[in-house]
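*Asks:*
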Amino acid sequence: MELHKQVVHMHLKELHVRDFSQHSPEITKMHRIDIEQHPEDNDIFEFTLNFMFGHFGTQVDGVIQATIIVKSEDPSDDVLQELLSDEKMYAVPLFSKASAIITKITEDRGMFPVIVPVELWLEE
Numbered sequence: 001m002e003l004h005k006q007v008v009h010m011h012l013k014e015l016h017v018r019d020f021s022q023h024s025p026e027i028t029k030m031h032r033i034d035i036e037q038h039p040e041d042n043d044i045f046e047f048t049l050n051f052m053f054g055h056f057g058t059q060v061d062g063v064i065q066a067t068i069i070v071k072s073e074d075p076s077d078d079v080l081q082e083l084l085s086d087e088k089m090y091a092v093p094l095f096s097k098a099s100a101i102i103t104k105i106t107e108d109r110g111m112f113p114v115i116v117p118v119e120l121w122l123e124e
């Protein structure tokens, strides 16, 4: 199914930064994606990304929300089911935003900026 997507609005709803005394070389990452269809317009979807990333003694966690218009050329397609079937790939703009926020936050705190490639979020 081919879908046409356009991000209408994206914002950072919540952000927390914590320091830890342990400076493990291992990266800790977690995320959860929620997708809801707008009750009044079947082409509008609300994406919510809850993310956590920890590395070099710093943990960044937050919530990013996006409103995305998604249309299919075939009106009989179940767009919500398609989005849910491959939610990570459809949430790439939100992962990109999370990565950029982590880089900026770590740089602003006087650290060497932690670069988080989007592909890291897509790994299992």
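Read in order, the letters of the sequence shown correspond to residues 1 to 124 in the working numbering. Where is the CB? At the ideal position from N, CA and C, for every residue including glycine. It should be emphasised that the depicted structure is a prediction, and the values quoted were computed from it without experimental measurement.
Which of the three DSSP states, helix, strand or coil, is assigned to residue 66?
*Replies:* Looking at residue 66 - three-state DSSP - the assignment turns out to be strand.
*Asks:* Judging by CA-CA distance, which residue of 59, 109, 79 is the nearest neighbour of residue 36?
*Replies:* For the residues 59, 109, 79, the minimum Cα distance to residue 36 belongs to 79.
*Asks:* Please name the residue, chosen from 52, 40, 70, that lies closest to residue 63 on a Cα-to-Cα basis.
*Replies:* Considering only alpha carbons, the answer is 52.
*Asks:* Just to confirm the assignment, what range does the alpha helix (DSSP H) spanning residue 79 have?
*Replies:* Its alpha helix (DSSP H) spans residues 79–85.
*Asks:* I need the DSSP call for residue 72, collapsed to helix, strand or coil.
*Replies:* Reduced to three states, the DSSP call for residue 72 is strand.
*Asks:* Helix, strand or coil for residue 108, going by three-state DSSP, please let me know.
*Replies:* Three-state DSSP puts residue 108 in a helix.
*Asks:* Should the region 66–84 be called in touch with the region 8–17, which here means at least 3 C-beta pairs below 8 Å?
*Replies:* These segments touch.
*Asks:* Starting from residue 119 and walking both ways along the alpha helix (DSSP H), at which residues does that stretch end?
*Replies:* From DSSP, the alpha helix (DSSP H) with residue 119 extends over 118–122.
*Asks:* Determine the direct distance from the alpha carbon of residue 91 to that of residue 17, and round the result to whole angstroms.
*Replies:* Each residue's alpha carbon lies about 23 Å from the other.
*Asks:* According to DSSP, is residue 56 helix, strand or coil?
*Replies:* Looking at residue 56 - three-state DSSP - the assignment turns out to be coil, as it is neither helix nor strand.
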